[in-house]
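Q:
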Amino acid sequence: MPDCRKVDEAARLPRGFYNRDTVTVARELLGKWLVHRADGRCRAGRIVEVEAYLGPGDLAAHTSRGRTKRTEAMFGPPGHAYVYLIYGIHHCMNVVTGPEDSGTAVLLRALEPVCNLGDNTHGPGRLCKAMGIDLRHYGADLCGDELFLLRPPSEPAIEIVSRPRIGVDYAGEWAKKPLRFYVRGSGFVSKK
DNA sequence: AGGATGATATCC
DNA sequence: GATATCATCCTC
7 MPDCRKVDEA ARLPRGFYNR DTVTVARELL GKWLVHRADG RCRAGRIVEV
57 EAYLGPGDLA AHTSRGRTKR TEAMFGPPGH AYVYLIYGIH HCMNVVTGPE
107 DSGTAVLLRA LEPVCNLGDN THGPGRLCKA MGIDLRHYGA DLCGDELFLL
157 RPPSEPAIEI VSRPRIGVDY AGEWAKKPLR FYVRGSGFVS KK
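In the numbering used here, the protein residues as written are 7 to 198.
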């Protein structure tokens with residue numbers, strides 16, 4: 007099991023990483039580490055499942071209903087967090103991608119524990135709970151020092167599987183598009 | 001299969 | 001100001 011000390015020797019993902027095509031970013035986020043430093047504690051997990059949301063034209067994306075106070079962060083500049091509360095209980099975290107105003111983002115759905123996480127890290131709600139992410143992180147700069155992503159010290163080759171996104175049946179044709187990506191064989195991805 | 005639980009969008 | 005709707009998870 008990798009160690010949290012390795013966080014300091016790993017390369018932080020630069021702003022430019024996020025300022026690209028959303029599907030490209032989604033696929034490349036697999037295998038990267040999500041790190042949260044707070045209260046003198048460092049929590050980290052390896053991203054193994056994500057979903058791409060392609061902006062106002064994507065009927066499954068929150069930004070398809072236009073710019074609102076809630077979706078403001080998703081329309082913001084890349085490399086920031088779009089966090090929202092769902093079903094009154096769970097938080098979900100997205101990484102904002104593409105140029106500012108594009109309204110595109112990648113939902114983080116599952117992690118493999120790296121350090122200081124329990125084993126309840128699969129599923130977007132449990133991911134946020136394990137990482138201690140909530141609405142305080144709405145709009146947080148992922149190039150900052152508290153919540154960030156990095157390229158791990160060693161990044162093993164992975165095989166990427168693409169499938170339809172989960173929980174977006176209302177989105178018509180968009181519900182069928184294979185915009186969910188996960189690491190084959192991880193064992194920590196959503197069933198289905 | 002259904003309930004929890006609250007922010008938000010979309011209606012009056 | 002009321003209400004319907006959730007990019008979910010847990011329990012029954």
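Glycine residues also receive a C-beta, built at the ideal position from the N, C-alpha and C atoms.
Identify the continuous alpha helix (DSSP H) that holds arginine 33 and give its terminal residues.
A: 28-35
Q: Taking tyrosine 24 as part of the alpha helix (DSSP H), name the residues at either end of that continuous run.
A: 21-24
Q: Output the distance between the C-alpha atoms of arginine 43 and arginine 169, rounded to the nearest integer angstrom.
A: 32 Å
Q: Does the Cβ of methionine 58 have 16 or more other Cβ atoms within 10 Å, making it buried, or fewer, making it exposed?
A: Correcting the residue type first, residue 58 is alanine in the shown sequence and not methionine. By the neighbour-count rule (16 or more Cβ atoms within 10 Å), alanine 58 is buried.
Q: Could you check where the beta strand (DSSP E) with methionine 1 kicks off and where it finishes?
A: Past the boundaries of the shown model lies residue 1; the chain is included only from 7 to 198, so the question cannot be answered.
Q: How is the alpha helix (DSSP H) around proline 119 delimited, first residue to last?
A: No alpha helix (DSSP H) holds proline 119; the beta strand (DSSP E) holding it covers 110-121.
Q: Hey, how far is the Cα of lysine 182 from the Cα of asparagine 122?
A: 36 Å
Q: Thinking C-beta only, is methionine 80 closer than 8 Å to histidine 97?
A: Contact annotation: histidine 97 and methionine 80 have beta-carbon atoms that are not nearer than 8 Å.
Q: Here's the rule I'm using: 16 or more other beta-carbon atoms within 10 Å means buried, otherwise exposed. How should glutamate 179 be labelled?
A: exposed
Q: Less than 6 Å between C-beta atoms, sequence neighbours within five positions excluded: which residues of the same chain meet that for aspartate 14?
A: If we look at aspartate 14 and ignore the five residues flanking it on each side, it has no Cβ neighbours.
Q: Look at the alpha carbon of glycine 51 and the alpha carbon of serine 70, and state the distance between them as a whole number of angstroms.
A: 30 Å
Q: Excluding the 5 residues flanking proline 162 on each side, which residues of the same chain have their C-beta closer than 8 Å to its C-beta?
A: Gly37
Q: Check whether the region 145-161 and the region 127-134 are in contact - that is, three or more C-beta pairs closer than 8 Å.
A: Not touching, per the Cβ criterion.
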